[in-house]
């Protein structure tokens with residue numbers, strides 16, 4: 002817990018951290034209520050960096066306009082997984098894609114509706130969980146997620162299987178997550194975040210709870226190997242793993258991302274895959 006999220010923690014009655022598991026249903030519920038409660042503060046803090054119609058893959062500032070991980074999206078149907086306020090989806094639509102964006106949080110989607118209106122770039126928005134996609138099989142030409150949904154679902158294999166189901170053959174699935182090695186350090190952008198405090202191999206999720214033990218936030222840790230095995234099991238091909246370096250002159254601190262830590266070890270992993 003941190004001062005950064007104090008208002009959400011207060012609204013949800015968060016009182017501590019529990020060292021325990023969290024199944025699919027509890028993870029969905031906890032993250033729906035968390036992101037509903039934190040949506041306003043999140044966008045007040047990060048909205049300027051993310052933009053209203055820009056595709057930023059990570060706090061290091063990697064942009065799809067520069068790297069083209071999804072290829073030419075013009076005329077292609079693209080799904081954004083865990084869209085938040087959907088700036089990536091709006092950028093994709095402005096680039097000629099036919100986009101659908103979804104998120105589990107009504108609070109996040111409220112910001113997406115407002116940004117649709119303010120930009121004049123309308124993208125369809127759906128409320129859904131990434132492990133239960135309400136879309137037809139082989140209905141998308143690409144799928145993407147920039148720090149959305151993947152770490153917050155209990156069974157990442159279900160997410161990958163669902164994404165693979167809705168993709169057409171040859172379609173890319175590209176997603177960014179906090180680099181798995183960050184799990185061993187505290188969420189501290191300063192010197193305190195340079196000392197290992199827990200095992201990389203401990204998959205116990207991070208669970209915040211209220212005084213009744215109800216989960217108010219859940220995040221699941223996977224090793225890099227876990228991600229690769231789950232992708233392969235879903236029938237997807239791994240194309241590349243990108244570990245962005247901290248860019249020169251980038252002084253922004255975003256939660257636990259900072260120039261200090263970024264110079265020493267990666268903060269983001271971008272996994273590029275495709276459906277055969």
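Numbering (my numbering), first residue to last: 2 to 277. Even for Gly, the Cβ is constructed at its ideal location relative to N, Cα and C.
Buried versus exposed call for residue i [16 or more other C-beta atoms within 10 Å across all chains shown]
i           : result
residue 94  : buried
residue 67  : exposed
residue 49  : exposed
residue 8   : exposed
residue 77  : buried
residue 198 : exposed
residue 276 : buried
residue 128 : exposed
residue 263 : buried
residue 39  : buried
residue 138 : exposed
residue 11  : exposed
residue 173 : buried
residue 116 : buried
residue 252 : exposed
residue 217 : buried
residue 134 : buried
residue 170 : exposed
residue 241 : exposed
Distance, residue j Cα to residue i Cα
i           : j           : result
residue 114 : residue 54  : 13 Å
residue 123 : residue 236 : 33 Å
residue 289 : residue 248 : This structure gives no information on residue 289, because the portion of the chain shown stretches from 2 to 277.
residue 183 : residue 22  : 20 Å
residue 73  : residue 13  : 42 Å
residue 259 : residue 196 : 15 Å
residue 120 : residue 141 : 25 Å
residue 1   : residue 97  : In this structure the chain extends from 2 to 277, so residue 1 is not present and cannot be described.
residue 118 : residue 192 : 42 Å
residue 16  : residue 215 : 10 Å
residue 256 : residue 166 : 34 Å
residue 279 : residue 180 : Residue 279 cannot be examined here, being either before or after the span of the chain that is shown, 2 to 277.
residue 223 : residue 144 : 21 Å
residue 2   : residue 209 : Unreliable placement is indicated for residue 2, whose pLDDT of 44 sits below 50; the coordinate value is still reported in the next sentence. Distance between the alpha carbons of residue 2 and residue 209 is about 8 Å.
residue 25  : residue 220 : 11 Å
residue 177 : residue 63  : 11 Å
residue 225 : residue 132 : 20 Å
residue 273 : residue 189 : 28 Å
residue 187 : residue 207 : 12 Å
residue 168 : residue 29  : 23 Å
residue 146 : residue 246 : 20 Å
residue 162 : residue 70  : 21 Å
residue 82  : residue 99  : 14 Å
residue 84  : residue 27  : 21 Å
residue 238 : residue 20  : 34 Å
residue 211 : residue 75  : 46 Å
Under the three-state DSSP convention, the category residue i falls into
i           : result
residue 98  : coil
residue 104 : strand
residue 86  : coil
residue 69  : coil
residue 176 : strand
residue 21  : coil
residue 207 : strand
residue 61  : coil
residue 30  : helix
residue 38  : helix
residue 275 : strand
residue 164 : helix
residue 78  : strand
residue 216 : strand
Short CB-CB distance (under 9 Å) between residue i and chain D
i           : result
residue 116 : No chain D appears in the structure shown, which is made up of a single protein chain.
Cβ pair count under 8 Å reaching 3, the segment 196-213 against the segment 105-114: no
Length at least 4, wholly inside the segment 218-272: the alpha helix (DSSP H) runs in chain order: 225-234 and 260-263
Stretch-stretch touch, CB-based, cutoff 8 Å, three pairs: the segment 149-157 with the segment 45-62: no
The segment 155-163 contacting the segment 222-242, beta-carbon criterion three pairs below 8 Å: The segment 155-163, when compared against the segment 222-242, does touch it at the 8 Å Cβ threshold.
At least three beta-carbon pairs within less than 8 Å, the segment 252-271 to the segment 54-63: They touch, by the three-pair rule.
Residue ranges of each alpha helix (DSSP H) within the segment 113-162, 4 or longer: none
The segment 98-106 contacting the segment 31-42, beta-carbon criterion three pairs below 8 Å: yes
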